[in-house]
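Counting in numbering that gives the first Met the number 0, the sequence shown runs from 0 upward without gaps.
Glycine included, C-beta positions come from ideal geometry on N, C-alpha and C.
Predicted, not measured: the structure shown is a model, and the values here were computed from it.
Step one of this worksheet: look at the structure below.
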Amino acid sequence: MTTVLLNSLIGVVVLIALTTAVLWFYGAPKHWAPALAVLRGILQLAVVSIILTGVITNGWWVALALLVMFCVACFTAIRRIGWTRQHALMMLSAMGAGIALTLTIVFVTGTIEFSARYVLAIGGIVIGNAMTIATLAGRRFVELVRDRWDQVEAWMSLGATPRQSTHELARDAVYAALIPSTDQTKTTGLVTLPGAFVGAIFGGVSPLEAGRFQIVVLASIMAAGAITAVIVALWMSPVRVKPAALV
C-alpha cells in the first residue's frame with residue numbers, strides 16, 4: 000500500500016510539474032492555477048473520503064453533504080461571472096431547478112434506487128456538471144454580447160426590447176455551454192470510459208448494470224444542464240448596457 004501511494008504521489012507531482020511548465024513556457028496567464036487546483040482537490044478529497052466513510056449510509060448526512068456541494072458549486076459559478084446579488088439569485092434558481100427536477104424524475108420513476116449511496120453518487124455528479132454548464136452559459140453570453148454589442152444596439156434602435164435584442168445570442172450561449180457534455184455523451188464508450196462506469200465495474204457490478212447506471216447519469220447531466228443553461232440565459236438576456244469584461 001505504501002508503495003502504491005508513493006508511486007501515485009510521484010506520478011501526480013510529475014503531471015503537475017509538466018502542466019505548469021507547458022503553460023509557463025507558452026506564457027499563459029496564471030500558469031500556477033491548474034497545479035493549485037489539483038492540490039486543492041487532493042486536500043478536499045482526503046477530507047471528504049474520511050467524512051463519507053461514516054455518513055454514506057445516513058440519509059440526513061448525505062442530504063447535508065449534497066447541500067454543501069450545491070452551495071460551493073453555486074458560489075464557484077457566481078464568482079466566474081461576477082459577484083452580484085442578481086447573479087447569486089440566478090445561479091441558485093437555475094442550478095436548483097435543473098438539479099431538483101432531474102433528480103426527482105430519476106428517483107420517482109424508479110430509474111435508480113432511492114438510497115443514500117445512490118443519491119450521493121448521482122447527486123454529486125449532476126451538481127458538478129450543472130455548475131460547469133451554468134458557468135459556461137453565463138460567460139459565453141457575456142462574451143457574445145460584448146463582441147456583438149453593435150448588433151444589440153442596432154436591434155434596440157429599431158424598437159426591440161433588451162431581451163429581444165439578445166435572444167439569438169442567448170440561444171447561442173446555451174448551445175455552446177452544452178457542447179462539452181453533448182460531446183462526452185456522444186463519445187462515451189468510444190473515446191472515454193466515464194468514472195461512474197469504471198468505478199461501478201471495479202466495485203463488482205456487472206458491465207451491463209454499470210452501463211445502465213452510466214446512461215442514467217449522462218441523461219441526468221444533459222437534462223439538468225439544459226434547464227440550468229436556459230434559465231441562466233433567460234435571466235441574463237435583458238441587457239441595457241454593455242457588460243464589463245470577465246476575468
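Simplified DSSP state of residue i, which is helix, strand or coil
i: Thr75; result: helix
i: Pro242; result: coil
i: Arg147; result: coil
i: Leu253; result: This structure gives no information on residue 253, because the portion of the chain shown stretches from 0 to 246.
i: Glu112; result: coil
i: His30; result: coil
i: Pro206; result: helix
i: Trp59; result: helix
i: Gly40; result: helix
i: Gly123; result: helix
i: Gly224; result: helix
i: Gly81; result: coil
i: Pro179; result: helix
i: Thr1; result: helix
i: Ser219; result: helix
i: Trp131; result: Contrary to the premise, residue 131 reads as Thr rather than Trp in this sequence. Looking at Thr131 - three-state DSSP - the assignment turns out to be helix.
i: Ser236; result: coil
i: Thr165; result: coil
Pair within 9 Å by beta-carbon distance, residue i and residue j
i: Val215; j: Ile111; result: yes
i: Gly137; j: Ala172; result: yes
i: Val46; j: Leu119; result: no
i: Ala175; j: Leu217; result: no
i: Ile98; j: Phe74; result: no
i: Val238; j: Thr165; result: yes
i: Leu177; j: Phe140; result: no
i: Pro28; j: Arg145; result: no
i: Ile126; j: Ala93; result: no
i: Ile15; j: Leu38; result: yes
i: Ala222; j: Thr83; result: no
i: Ile220; j: Ile124; result: yes
i: Gly188; j: Asn128; result: no
i: Gly26; j: Ala115; result: no
i: Asp9; j: Ala96; result: It should be pointed out that residue 9 corresponds to Ile in this sequence rather than to Asp. No, Cβ-Cβ distance for Ile9 and Ala96 is not below 9 Å.
i: Glu142; j: Leu207; result: no
Legend entry - Meets three-Cβ-pair contact criterion under 8 Å: the stretch 212-231 and the stretch 81-96: The answer is yes - the stretch 81-96 touches the stretch 212-231, with three or more Cβ pairs under 8 Å.
Inset, instruction - State whether the stretch 103-110 contacts the stretch 153-167, with contact taken as three or more CB pairs (one from each stretch) at a distance under 8 Å. - result: No, the stretch 103-110 does not touch the stretch 153-167.
Inset, instruction - Please confirm if the stretch 17-26 is in contact with the stretch 77-84, defined as three or more CB-CB distances below 8 Å between the two stretches. - result: No, because fewer than three Cβ pairs between the stretch 17-26 and the stretch 77-84 fall closer than 8 Å, the two stretches do not touch.
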